[in-house]
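First residue of the sequence shown: 80, per the numbering used here; consecutive thereafter.
Each residue gets a CB set at the ideal place from its N, CA and C atoms; glycine is no exception.
Here's the structure we're looking at; comments come further down.
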Amino acid sequence: MIVLITGASHTGKTALAQKLLEQYQYPYLSIDHLKMGLIRSGYTKLTPEDDDALTDYLWPVIREMIKTAIENRQNLIVEGCYIPFDWSKDFEQKYLKYIQYYCLVLSESYIRAHFADIKRYANVVENRLDDEGCTMEYVLEENAKFLELAQRFHVNYVLVQDRYEISIDLQLLRE
């Protein structure tokens with residue numbers, strides 16, 4: 080089983096992956112770790128701010144890792160904002176049946192009512208060294224973008240509206 084978790088920054092992708100790790104004992108790959116390893120090692124000249132270019136750069140590697148995990152009958156959670164919304168076009172049906180996809184989106188009303196909480200929980204799983212760019216305007220804009228793209232591409236999304244309670248029951252497949 081492969082679980083893809085995407086969403087805008089500060090939506091709880093890593094926290095959800097950690098929760099699923101603890102619940103199902105599925106390992107997870109943080110795409111941010113792969114990104115920073117490639118940047119710090121000099122394998123790419125891209126920077127952490129090059130979101131679209133990073134998606135184009137990282138996705139071909141990530142999708143082949145996913146295929147390999149499926150072929151080896153291994154479970155893996157992949158989390159990060161570098162999963163394209165048309166991700167499924169890169170997989171044949173024999174792979175798709177083993178992939179569950181979730182896009183986390185915070186509603187405008189949730190962001191406005193809980194922005195202090197969003198900032199407070201930013202370091203719940205990972206230590207964000209520089210979080211100055213996380214403004215209410217940025218969070219509103221990014222979540223609106225992710226919601227629009229999720230709807231346009233007809234992908235599964237979880238919209239947080241009143242309370243932040245994300246619970247995912249993985250549909251375990253047996254052969």
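Counted within 10 angstroms of its Cβ, other Cβ atoms place residue i as buried (16 or more) or exposed
i, result
"Lys114", "buried"
"Glu216", "exposed"
"Lys176", "exposed"
"Pro221", "The question names Pro, but residue 221 is Glu in the sequence shown. Burial call: buried."
"Val82", "buried"
"Glu211", "exposed"
"Tyr122", "exposed"
"Glu158", "buried"
"Thr85", "buried"
For residue i, the residue or residues it bridges with in DSSP
i, result
"Gly121", "For Gly121, which the question treats as bridged, DSSP gives no partner whatsoever."
"Thr85", "Cys182"
"Val157", "Leu83 and Leu108"
Neighbourhood of residue i by C-beta distance below 7 Å, restricted to the same chain and skipping five residues each side
i, result
"Val52", "Because the chain spans 80 through 254 in this model, residue 52 falls outside it and cannot be assessed."
"Phe39", "Outside the shown range of the chain, which is 80 to 254, sits residue 39, and nothing can be said about it."
Residues near residue i in its chain [Cβ-Cβ closer than 6 Å; skip 5 each side]
i, result
"Ala132", "Leu125"
"Ile197", "His89"
"Ala229", "Cys182 and Tyr236"
"Ile178", "Ile81"
Own chain partners of residue i with C-beta closer than 8 Å, once the 5 adjacent residues on each side are dropped
i, result
"Val140", "Leu113"
The ligand HEM heavy atom lying under 8 Å from the CB of residue i
i, result
"Arg142", "Absence of the ligand HEM from the depicted structure is noted, as is the absence of any ligand whatsoever, leaving it without description."
Cβ pair count under 8 Å reaching 3, the region 239-248 against the region 182-200:
yes
Quick check on the DSSP output: what are the complete beta strand (DSSP E) runs of length 3 or more inside the region 168-254, in order along the chain?
178-185 and 236-239
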